[in-house]
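Chemist: Residue numbers (full-length UniProt numbering): 1 to 286. Note that beta-carbon positions come from the ideal geometry of N, C-alpha and C, so glycine has one too. The model shown is predicted, which means the values in this text are computed figures rather than measured ones. Okay, handing you the structure first.
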Ligand SMILES: [Mn+2]
């Protein structure tokens, strides 16, 4: 029956909705190339969400894990292809490398397949707020030594940031792994809570130092939107454990998208739907 076909066609369309469009999307800590990377969930996220501008806020590719053994399944490739397709369709994609993809920092100022590589970026929101977009690992030494650095003053702060960069390069040169917050946090749960608080304060202070209104960062795998000392602090989280991203709406407001939760809820909802009767099998021709 044609009516029935049309209804089926509409039902199929409803299953694959148009992606939700935001002004901006911020994603970080995808760790492509690591076995823990949730590339399938990420592909699902990219299918359902789109934006005029997409910021990749570091640790997109896990260079440290790839050095130890090549792990690059099709889904990881598909993520890269999907992002490049977004550029071809007119989206602006800005890539701010982190510590796990520190090799990409050698290419800042360059463009790959239309993707702009930047050491850090300044994003202007719909309401004209200026946000520093940076991965955040640059401040590891500062955060870990915040107490005594505060006693030593500004010069020590600048020196610590410079030392962090030099140490990172040396580690890469000698093939020594980067100090990893997530690995360390699992061992030292109590200290991790303090570290997160100190990291957030350090990044908010950095935004103030640079005369902007706030910061969008990643690195500590802990999605948050909050105000710290008058600065807007936004953390994208990660796509390894919590699978979160940050969206900026057309009105300039920010929202945490928790995709692991969303995908799980969708799976439950579809499981609860009445099962459609399958068409009766045609009698086999004799
Ligand atoms: Mn990181």
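Touch check for the stretch 196–203 and the stretch 37–45: three-plus C-beta pairs under 8 Å?
Modeler: Between the stretch 196–203 and the stretch 37–45 there are fewer than three inter-stretch CB-CB distances shorter than 8 Å, so the stretches are not counted as touching.
Chemist: Which same chain residues, not among the five before or five after residue 239, have their C-beta less than 6 Å away from its C-beta?
Modeler: In the chain shown, the residue the question calls residue 239 occupies position 239. Counting only Cβ-Cβ distances below 6 Å, and skipping sequence neighbours, we find 30, 38 and 42.
Chemist: What does a CB cutoff of less than 8 Å around residue 124 pick up in its chain, not counting 5 residues either side in sequence?
Modeler: Start at 1 with the first residue of the chain shown, and residue 124 comes out as number 124. Excluding sequence neighbours, residue 124 sits near 130 and 131.
Chemist: Check whether the stretch 79–98 touches the stretch 111–121, taking contact to mean three or more Cβ pairs, one atom from each stretch, closer than 8 Å.
Modeler: yes
Chemist: For residue 266, I'd like the list of residues in its chain whose CB is within less than 8 Å of its CB, leaving aside the five on either flank, ordered along the chain.
Modeler: On the chain shown, position 266 is the one that residue 266 refers to. The answer is none, since no qualifying residue turns up.
Chemist: As an exercise, report each continuous beta strand (DSSP E) stretch of at least 3 residues that is fully enclosed by the stretch 235–277, in chain order.
Modeler: 244–248 and 254–258
Chemist: Quick check: the Cα distance between residue 78 and residue 88, rounded to an integer number of angstroms?
Modeler: Here residue 78 refers to the residue found at position 78 of the chain shown. Here residue 88 refers to the residue found at position 88 of the chain shown. Approximately 15 Å between the Cα atoms of the pair.
Chemist: Just checking residue 123 against ligand 1 - is the residue's beta carbon closer than 8 Å to any of the ligand's heavy atoms?
Modeler: Taking the chain shown and counting its residues from 1, the one referred to as residue 123 is at position 123. Outside the cutoff, so no.
Chemist: Which of the three DSSP states, helix, strand or coil, is assigned to residue 163?
Modeler: Sequence index remark: in the chain shown, residue 163 carries index 163 (1-based). Helix at residue 163.
Chemist: Is it the case that the Cβ atoms of residue 20 and residue 71 are separated by a distance below 9 Å?
Modeler: Working through the chain shown from its first residue, we reach residue 20 at position 20. Working through the chain shown from its first residue, we reach residue 71 at position 71. It is not a contact, given that the beta carbons lie outside the stated cut-off.
Chemist: What residues are listed by DSSP as bridge partners for residue 118?
Modeler: Within the chain shown, residue 118 is the residue found at index 118, counting from 1. Beta-bridge pairing links residue 118 to no other residue.
Chemist: CB residue 168 to CB residue 102, shorter than 9 Å?
Modeler: On the chain shown, residue 168 is found 168 positions in, with the first residue counted as 1. On the chain shown, residue 102 is found 102 positions in, with the first residue counted as 1. Closer than 9 Å, so yes.
Chemist: Give me, in chain order, the residues of the same chain whose beta-carbon lies closer than 7 Å to that of residue 214; leave out the 5 immediate sequence neighbours on both sides.
Modeler: As a working mapping, residue 214 is identified with position 214 in the chain shown. Closer than 7 Å at the Cβ level, and outside the excluded window around residue 214, lie 129, 131, 207, 231, 232, 233 and 234.
Chemist: Rounded to whole angstroms, what's the CA-CA distance from residue 144 to residue 226? Just pull it up for me.
Modeler: Taking the chain shown and counting its residues from 1, one reaches residue 144 at position 144. Taking the chain shown and counting its residues from 1, one reaches residue 226 at position 226. Approximately 22 Å between the Cα atoms of the pair.
Chemist: Should residue 274 go down as buried or exposed, given a rule of 16 or more other Cβ atoms within 10 Å for buried?
Modeler: As a working note, residue 274 is residue 274 in the chain shown. With fewer than 16 Cβ atoms within 10 Å of its Cβ, residue 274 is classed as exposed.
Chemist: Over what stretch of residues does the alpha helix (DSSP H) that includes residue 45 continue unbroken?
Modeler: Along the chain shown, read from residue 1 onward, the residue named residue 45 stands at position 45. Run containing residue 45: 39–48, per the alpha helix (DSSP H) assignment.
Chemist: So which residues touch the region around ligand 1, with touch meaning a C-beta under 5 Å from any heavy atom?
Modeler: 59, 98, 99, 137 and 219
Chemist: Between which two residues does the beta strand (DSSP E) containing residue 25 stretch?
Modeler: As a working mapping, residue 25 is identified with position 25 in the chain shown. Counting along the chain, the unbroken beta strand (DSSP E) around residue 25 starts and ends at 20–27.
Chemist: Since I believe residue 105 is in contact with residue 120 (beta carbons under 8 Å), could you give me their beta-carbon distance rounded to a whole number of angstroms?
Modeler: The residue labelled residue 120 in the question sits at position 120 within the chain shown. The residue labelled residue 105 in the question sits at position 105 within the chain shown. Contact flag wrong, Cβ pair sits at about 10 Å.
Chemist: Alpha carbon to alpha carbon, what distance is there between residue 66 and residue 73?
Modeler: For the purposes of this step, residue 73 is identified with residue 73 of the chain shown, where counting begins at 1. For the purposes of this step, residue 66 is identified with residue 66 of the chain shown, where counting begins at 1. Their Cα atoms are separated by approximately 12 Å.
Chemist: Return the chain-ordered list of same chain residues with a C-beta closer than 7 Å to the C-beta of residue 285, the five sequence neighbours on each side being excluded.
Modeler: As a working mapping, residue 285 is identified with position 285 in the chain shown. Residue confidence is low: residue 285 scores 42 on pLDDT, short of 50, so the model does not pin down where it sits. No coordinate-derived value is stated.
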